[in-house]
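Quick note: the sequence shown uses the working numbering, first residue 15, plus one each step.
Structure first, then comments.
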Amino acid sequence: MRTRFAIFIIGLLILAAAAPGVGAAKSYRAERFDVDIVVQDDGALLVTETVVFRFSGDPFTYVYRDLPTSYTDSITIVSAGMDGQTLPPGEDAGQVEIDGGDTINVRWHFAPTSDTAHTFVLVYRALGVIRMNPEADVLAWQALPDDYEYTIASSTVTVSYPKAIQRVAVPRVTVGEASVETGDGQVRFVAQNLEPDSHLIVELGFAPGSLVTQPPQWQAVEIESNRLAQPLALASGALTLLGVGAIIAYVRRYRRPSASPVEADMRPTAPPGSLPPALGGAIGHAGGFAPGWDQALATLFDLSGRGVVQIEESPEKKWHRRHDFVFRLQSMPSDLRPFEQTALDLVFSTGADRQTSVKLSALQSWISSRLKAFKETLKQDAVNRGWFDPGREQIRRGLFIASGLLFGVLLAFACLVVTAANPIWAFMLPLIALGLVDLALLIAGSVVSPLSETGAAERRQWEAFGKYLRRITEDKEPVNLAGAFQTLLPWATAFGLLKDWVDFFQKKGDLTVPAWFAPLAVTADGSEIAIFAAMTHSASSAGASAGGAGGGAAGGGGSGAG
15 MRTRFAIFII GLLILAAAAP GVGAAKSYRA ERFDVDIVVQ DDGALLVTET
65 VVFRFSGDPF TYVYRDLPTS YTDSITIVSA GMDGQTLPPG EDAGQVEIDG
115 GDTINVRWHF APTSDTAHTF VLVYRALGVI RMNPEADVLA WQALPDDYEY
165 TIASSTVTVS YPKAIQRVAV PRVTVGEASV ETGDGQVRFV AQNLEPDSHL
215 IVELGFAPGS LVTQPPQWQA VEIESNRLAQ PLALASGALT LLGVGAIIAY
265 VRRYRRPSAS PVEADMRPTA PPGSLPPALG GAIGHAGGFA PGWDQALATL
315 FDLSGRGVVQ IEESPEKKWH RRHDFVFRLQ SMPSDLRPFE QTALDLVFST
365 GADRQTSVKL SALQSWISSR LKAFKETLKQ DAVNRGWFDP GREQIRRGLF
415 IASGLLFGVL LAFACLVVTA ANPIWAFMLP LIALGLVDLA LLIAGSVVSP
465 LSETGAAERR QWEAFGKYLR RITEDKEPVN LAGAFQTLLP WATAFGLLKD
515 WVDFFQKKGD LTVPAWFAPL AVTADGSEIA IFAAMTHSAS SAGASAGGAG
565 GGAAGGGGSG AG
């Protein structure tokens with residue numbers, strides 16, 4: 015066996031070695047990357063980049079250059095050529111593809127080539143590069159791309175300017191290393207043996223006003239933004255303090271007094287009233303009155319305990335599902351509460367027809383679409399009990415509406431600032447301030463409870479009971495009630511604790527299967543307990559889906575080949 019395996023591996027290696035192109039290295043390097051910058055009479059720069067690439071290994075079919083337009087007013091491509099020939103626009107071999115935007119993308123296309131060198135030339139005109147400073151007109155240029163994966167043997171950056179223009183500072187390399195040679199109307203920077211992603215930024219200073227008589231547009235916007243920054247920051251701070259302060263003062267008027275010492279120490283170990291589980295779980299929910307699938311399932315379990323519904327293990331097995339379960343309608347009492355009727359409709363009604371049995375796997379497909387009716391019916395029951403204060407609901411709704419409207423205004427103005435040709439970023443400061451006010455409105459709407467005094471009192475009781483049930487599942491409270499698992503199962507479900515409740519009692523060995531659950535078989539090893547646990551886990555999860563480096567210089571960019 016080992017000999018056959020070794021022969022098989024050796025055969026694979028031989029085939030891999032014989033396969034064409036496998037293991038062939040594909041690499042390229044720049045023998046030189048030269049940049050010639052000529053300062054025009056109008057202050058624009060005419061830039062010529064000349065790159066000689068040496069290709070090795072597998073064929074290459076394109077070379078690209080990305081030119082960012084930051085720290086310029088604009089860049090216009092004059093021409094692109096290869097091996098002394100200017101290429102026409104297009105996407106075929108012997109053509110050049112140019113896409114404009116914030117970054118200009120240039121791609122030379124050529125026939126597959128390898129083990130040879132080719133020269134690529136790009137000529138472009140850059141406006142608004144020379145910035146006006148009080149002490150000098152400054153030309154700062156990033157000669158090499160930001161991002162490239164090849165080595166560069168040599169790079170010469172030549173800056174030519176009118177001889178009548180006087181330099182007022184020594185030319186310098188602000189990023190990278192290069193030797194500097196100065197001449198009459200010309201400065202040369204020479205760098206050698208550059209590793210991938212090595213940067214080279216050069217800077218020259220000329221007599222103020224000698225090259226440009228006004229700052230470029232981007233610098234003018236920057237100056238204006240800096241001028242406005244301080245007053246806008248002060249105004250934005252004041253707006254934030256006043257707006258948030260006013261909202262806090264407004265909300266304090268509707269803050270309820272703290273719970274009394276008796277209520278704070280309240281630790282009910284049994285349901286503190288005669289409410290059905292769904293209402294108790296909804297009113298005692300930590301996030302406010304928010305009914306959902308947990309309360310609907312609690313209602314079904316409660317109805318099962320009253321003989322209305324029975325849940326059975328289905329004999330049908332599928333490869334992708336070990337267990338399925340059937341909800342079976344046993345009776346239809348005439349004294350059902352409206353939300354109990356809606357819970358049954360959620361499971362058993364299909365349009366005008368009512369089924370008497372539904373598989374849990376099928377039920378999962380329509381819970382989301384039918385749950386809204388149950389929520390509304392349960393909410394109406396709470397309204398009928400006087401748990402909601404219409405005035406407080408109106409205030410809460412008004413805060414949310416105000417937050418939504420303010421957010422829309424913010425979004426519109428933010429789009430105007432961001433999409434402007436020359437955005438003044440200081441205008442974002444008041445928008446940030448208004449954003450904080452909007453957030454305060456949203457929080458205020460959440461803080462103002464819509465509950466009446468009666469509803470708030472009910473909530474405190476039932477919330478305390480829900481905490482007691484959670485502490486049981488965390489093994490932090492003793493279980494003092496006989497038959498607690500079955501008795502409190504609907505309540506634990508209503509508080510969103512079904513899985514934890516079942517897991518805790520199963521682990522303790524105190525889980526007893528309710529009479530309303532019918533497994534296929536009852537065995538001596540108690541396998542029906544695991545089947546019941548599987549049903550509760552499946553039922554609980556059924557409603558899950560219903561729950562809801564430029565250095566401040568122009569130039570840079572990217573370059574490469576493939």
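Here a beta-carbon is modelled for each residue, glycine too, at the ideal position from N, C-alpha and C.
The structure presented is a predicted model; accordingly, all values stated were derived computationally and were not measured.
Taking each of Asp-514, Ala-568 and Val-322 in turn and checking the Cα distance to His-551, the smallest one comes out for Asp-514. With respect to Ile-91, Ile-118 sits close: the two C-beta atoms are nearer than 8 Å. Within a 10 Å sphere around the beta-carbon of Ala-357 sit 16 or more other beta-carbons, which makes this residue buried. Secondary structure of Arg-485 (DSSP, three-state): helix. Two segments are said to touch when three or more pairs of C-beta atoms, one from each, lie closer than 8 Å; by this definition the stretch 445 to 465 does not touch the stretch 488 to 503. Cβ-Cβ distances below 7 Å link Gln-520 to Ile-543 and Ala-547 in the same chain, with the five nearest sequence neighbours on each side left out; the list follows chain order. Proximity to Val-135 across Gly-104, Asp-161 and Val-65 peaks at Val-65, based on C-alpha coordinates.
Burial check for Asp-308: the Cβ neighbour count within 10 Å reaches 16 or more, so the residue is buried. Every unbroken stretch of the alpha helix (DSSP H) spanning 4 or more residues and falling wholly within the stretch 300 to 346 is given here in chain order: 307 to 319. In this structure, the CA atom of Phe-441 is about 42 Å from the CA atom of Ser-169. Using a 10 angstroms sphere on the CB of Gln-180, the tally of other CB atoms stays under 16, which defines it as exposed. For the stretch 340 to 399, the continuous beta strand (DSSP E) assignments of 3+ residues that do not extend past its boundaries occur at 371 to 373, in sequence order.
Counting other Cβ atoms within 10 Å of its Cβ, Val-226 reaches 16 or more and is therefore classed as buried.
Per DSSP, the unbroken alpha helix (DSSP H) holding Thr-501 starts and ends at 498 to 508. Closest in C-alpha terms to Ala-575, from the list Asn-147, Thr-165 and Leu-101, comes Thr-165. Taking 8 Å as the upper bound for CB-CB distance, Gly-219 and Ala-205 are not in contact here, some 21 Å apart. Taking 8 Å as the cut-off, the Cβ atoms of Arg-342 and Gln-324 count as close. For Ala-426, the enclosing alpha helix (DSSP H) starts and ends at 404 to 433. Between the C-alpha atoms of Ala-154 and Val-216 there is a straight-line separation of about 6 Å. Straight-line spacing of the CA atoms in Thr-196 and Arg-202 works out to 6 Å.
In the displayed model, Ser-174 falls within a strand according to three-state DSSP. The alpha carbon of Pro-437 has as its nearest neighbour, out of Gly-298, Lys-331, Asn-240 and Ala-310, the alpha carbon of Asn-240. Boundaries of the beta strand (DSSP E) harbouring Gln-156: 151 to 156, taken from the DSSP string. DSSP, read as helix, strand or coil, puts His-213 in coil.
Proximity to Thr-133 across Asp-97, Leu-293, Asp-338 and Ser-363 peaks at Asp-97, based on C-alpha coordinates. If you ignore the 5 residues before and after Gly-95, its C-beta comes within less than 7 Å of the C-beta of Leu-101 and Val-135, all in its own chain and listed in chain order. Within the same chain, Cβ atoms closer than 7 Å to the Cβ of Thr-62 are found at Asp-50, Val-135 and Val-137, the five residues on either side in sequence being excluded. Secondary structure of Asn-240 (DSSP, three-state): helix. The Cβ atoms of Gly-571 and Arg-79 sit closer than 8 Å to each other. Residue range 512 to 522 is occupied by the alpha helix (DSSP H) that includes Lys-522, with no beta strand (DSSP E) assigned at that position. For Ile-545, the enclosing alpha helix (DSSP H) stretches over residues 541 to 556. Ala-183 sits in coil when the DSSP states are folded into three classes, being neither helix nor strand. For Pro-305, the closest of Asp-316, Leu-317, Val-265 and Ala-292 by C-alpha to C-alpha distance is Ala-292. In terms of CA proximity to Phe-414, Ala-458 leads the group Ala-532, Ser-375 and Ala-458. Assigned with DSSP and collapsed to three states, Gln-109 falls in strand.
CA-to-CA, the gap between Pro-286 and Arg-473 works out to about 11 Å.
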